[in-house]
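Participant:
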Amino acid sequence: MKTPLILLHGALGAAAQFEKLAKELSDYYEVHVPNLPGHGGTRMPDESFSIALFADALAGYIRTNDLEQPSIFGYSMGGYVAMYLARHFPNMPGNIITLGTKFHWDAPTAARELKMLDPGTIETKVPAFASALATLHAPNDWKEVVHNTALMLEEMGRHNPLSLDDYKDIKSPSLIMLGDRDKMVTLDETAAVYRQLPAAQMAVLPGTPHPIEQVEVELLSGMIGRV
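Numbered according to full-length UniProt numbering, the sequence shown spans residues 1 to 227.
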């Protein structure tokens, strides 16, 4: 019987981004690739985007599919959601693997990220990205996804949902990964969380930037299989 493994996308992302990774891992795991609320064409939630909302949705997915302590790989924001789930639903997840997760949030951090989340600027300066977002989130309006994400990050800048002390209470075996070319997430914040976790490993992936589309699938699948 294969171990269940959930692949969790990042902010502005969707399950479709994991097609190659899911195929690579399917020989060894029972792979699940859900979309978080409002992403990948799923219905926009009545309440605002938040880490708590996404963690509740993930918990609901685990219950609905009768998954017993599934391993969870979370890319970027997906890793934060997985950690939040483990903190608040400690018996629900099995192993947790994160890649490129930004753990440190304060007002200046949020302000930097918000500069890149203006739909008009995205359309004008990076039209290919705007087109990709439109495809990922259809039939939803991708601009609404961007706007709701910006509001969430602004709130995270005011109040980080997980403090460093929270990670001490996460008992799930964890692998915390960062790409050596990641320009969004720092080594310091990644190592700080790694040091707080009671049962963690840490890895720096060579030649790896932040965007999931630029991560080598074979390298990532091999690392996931180590935990």
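Positions of the beta carbon are idealized from the N, C-alpha and C atoms, including for glycine.
Using a Cβ-Cβ cutoff of less than 8 Å, which residues in the same chain neighbour residue 182 once the five nearest sequence positions on both sides are dropped?
Facilitator: Cβ within range, chain order: 100, 208, 209, 210.
Participant: Could you check what DSSP says for residue 69 in three-state terms: helix, strand or coil?
Facilitator: In the structure shown, residue 69 sits in coil (DSSP, three-state: anything other than H, G, I, E or B).
Participant: Could you have a look at residue 14 and say whether DSSP puts it in helix, strand or coil?
Facilitator: Residue state, collapsed to three classes: coil.
Participant: Going by the DSSP bridge assignment, what does residue 30 pair with across the sheet?
Facilitator: For residue 30, which the question treats as bridged, DSSP gives the partners 4.
Participant: So what does residue 98 bridge to, in DSSP terms?
Facilitator: Answer is 74, 176.
Participant: Whether or not the segment 29-37 and the segment 7-16 are in contact is what I'm after, with contact meaning three or more pairs of Cβ atoms, one per stretch, closer than 8 Å; do they touch?
Facilitator: At 8 Å Cβ cutoff, the stretches touch.
Participant: Starting from residue 204, trace the beta strand (DSSP E) in both directions and tell me its first and last residue.
Facilitator: Its beta strand (DSSP E) spans residues 200-205.
Participant: How far does the alpha helix (DSSP H) with residue 103 in it reach, from first residue to last?
Facilitator: Careful: residue 103 lies outside any alpha helix (DSSP H) and carries neither H nor E.
Participant: What do you get for residue 137, buried or exposed, if any count of 16 or more other CB atoms within 10 angstroms of its CB means buried?
Facilitator: With 16 or more other Cβ atoms within 10 Å, it is buried.
Participant: Put residue 35 into one of helix, strand or coil per three-state DSSP.
Facilitator: Here residue 35 sits in coil by DSSP.
Participant: What residue range is occupied by the uninterrupted alpha helix (DSSP H) comprising residue 148?
Facilitator: First-last of the alpha helix (DSSP H) with residue 148: 142-158.
Participant: On a Cα-Cα basis, can you pick out the residue from 65, 132, 174 that is closest to residue 40?
Facilitator: Taking only the C-alpha atoms, the option nearest residue 40 is 132.
Participant: Is it right to say residue 98 is buried, meaning 16 or more other beta carbons lie within 10 angstroms of its own, or is it exposed?
Facilitator: Buried, since its Cβ has 16 or more Cβ neighbours within 10 Å.
Participant: Assign residue 23 to one of three DSSP states: helix, strand, or coil.
Facilitator: The answer is helix: DSSP assigns residue 23 an H, G or I state.
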